[in-house]
Amino acid sequence: MTGTTTSKIYTYLLIELPPGMNGQGIGTSSFAEYCNRIDEANLDPNLKCAINDKIDEIYTKIDEFSGIFTEVEGSGLYELQSKLNHSCDPNVEICFEKGDHTLSVRALRDIKEGEELCISYISPCDLERSRHSRRKLLLDNYTFFCNCSKCKSQSQDPDVTSDEEESGDEMN
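Residue 112 in the working numbering is what sits at position 112 of the sequence shown, and the numbering runs on without skipping anything.
This is the structure:
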């Protein structure tokens, strides 16, 4: 890789992309969001490939130091966030817009007066899974059965995991 290409990669990663956000860990937002935006960016394919190679290299280095906690670069207890309940159809999300420890709450849709503010305790990908899969994940990790409006509206759905939905098999 030439010095010019390396320079372009770092310029793109560190300057041209706006800071990102992630609701799970303090300070995790920027690099993870940069990586996600690479896929969406309209870049020369060779430059995109070089950037992805550099990202893989950086993640390998991070993994050497942090092991399984790559997605958690810090932890904290926030009074506001701790008061927000879970919903599989959240109306707000937690973000770190400043790329530091400053927590923000952002609306995902219009919120009616008096409506409870709810975040998702699970990832956006997990929110797309079946009701059964979501509730199992929440029970295993947060020790509760979700009874949000989305789960209630899907109460007649078969009790199958998302993997079983894809294969057509049902749980007994």
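Think of the CB as a built atom: it goes at the ideal place given N, C-alpha and C, for glycine as much as any other residue.
*Per DSSP, E93 is paired with what?*
The residue you call residue 93 lines up with position 93 of the sequence shown. According to DSSP, which records beta bridges pairwise, E93 is partnered with R106.
*Going by the beta-carbon positions, is the gap between K48 and I38 smaller than 9 Å?*
Along the sequence shown, one-based indexing puts residue 48 at 48. Along the sequence shown, one-based indexing puts residue 38 at 38. Yes; because the gap between Cβ atoms is below 9 Å, this pair is in contact.
*How about C88 and C151: are their beta carbons less than 9 Å apart?*
Position 88 of the sequence shown, counting from 1, holds the residue named residue 88. Position 151 of the sequence shown, counting from 1, holds the residue named residue 151. Taking 9 Å as the Cβ cut-off, C88 and C151 qualify as a contacting pair.
*Is it true that the region 104-116 meets the region 136-146, where meeting means three or more beta-carbon pairs spaced less than 8 Å apart?*
The region 104-116, when compared against the region 136-146, does not touch it at the 8 Å Cβ threshold.
*Are the Cβ atoms of Y146 and H86 separated by less than 9 Å?*
To locate residue 146, count along the sequence shown from 1; it is residue 146. To locate residue 86, count along the sequence shown from 1; it is residue 86. Correcting the residue type first, residue 146 is Cys in the shown sequence and not Tyr. Closer than 9 Å, so yes.
_Please list the terminal residues of the continuous alpha helix (DSSP H) segment that includes H132._
What you label residue 132 is simply residue 132 of the sequence shown in a count that begins at 1. In this chain, the alpha helix (DSSP H) harbouring H132 covers 131-142.
*Outcome for I51 when other beta-carbon atoms lying within 10 angstroms are tallied against a minimum of 16*: Stepping through the sequence shown from its first residue, residue 51 is reached at position 51. Counting the other Cβ atoms within 10 Å of the Cβ of I51 gives 16 or more, which makes it buried.
*Measure the CB-CB distance between S120 and P90 and report whether it falls below 9 Å.*
Counted from its first residue, the sequence shown places residue 120 at position 120. Counted from its first residue, the sequence shown places residue 90 at position 90. Result yes, Cβ atoms of S120 and P90 sit closer than 9 Å.
*Considering only C-alpha positions, which residue in the set T161, K83, E93 is nearest to A107?*
What you label residue 107 is simply residue 107 of the sequence shown in a count that begins at 1. With distances taken between Cα atoms, A107 lies closest to E93.
_Of the listed residues S82, L43, D110, nearest to S104 (C-alpha basis)_ = Your numbering for residue 104 matches position 104 in the sequence shown. Its Cα nearest to that of S104, the residue S82 stands out among S82, L43, D110.
*Spell out the partners DSSP gives C88 in its beta bridges.*
On the sequence shown, residue 88 is found 88 positions in, with the first residue counted as 1. According to DSSP, which records beta bridges pairwise, C88 is partnered with nothing at all.
*So what does DSSP say about I119, is it helix, strand or coil?*
As a first step, residue 119 is located in the sequence shown; it is residue number 119 there, counting from the start. Under the three-state reduction of DSSP, I119 is assigned to strand.
_Closest Cα partner of N141 within the set I122, P158, D110_ = The residue you call residue 141 lines up with position 141 of the sequence shown. Per the Cα distances, I122.
*Report back the beta-carbon spacing between H132 and T102 to the nearest angstrom; my notes put them in contact at under 8 Å.*
Counted from its first residue, the sequence shown places residue 132 at position 132. Counted from its first residue, the sequence shown places residue 102 at position 102. Actually they do not touch by this definition, with Cβ atoms about 37 Å apart.
_Rounded separation between R109 and L43 - CA only_ = By 1-based counting over the sequence shown, the position of residue 109 is 109. By 1-based counting over the sequence shown, the position of residue 43 is 43. Each residue's CA atom was taken as its position, placing R109 and L43 some 31 Å apart.
*Quick one: is L84 buried, meaning 16 or more other Cβ sit within 10 Å of its Cβ, or exposed?*
Along the sequence shown, one-based indexing puts residue 84 at 84. When all chains shown are included, L84 counts as buried.
*Beta-carbon contacts of Q156 that lie in its chain and below 7 Å, excluding the five residues immediately before and after*: Start at 1 with the first residue of the sequence shown, and residue 156 comes out as number 156. There are no such residues.
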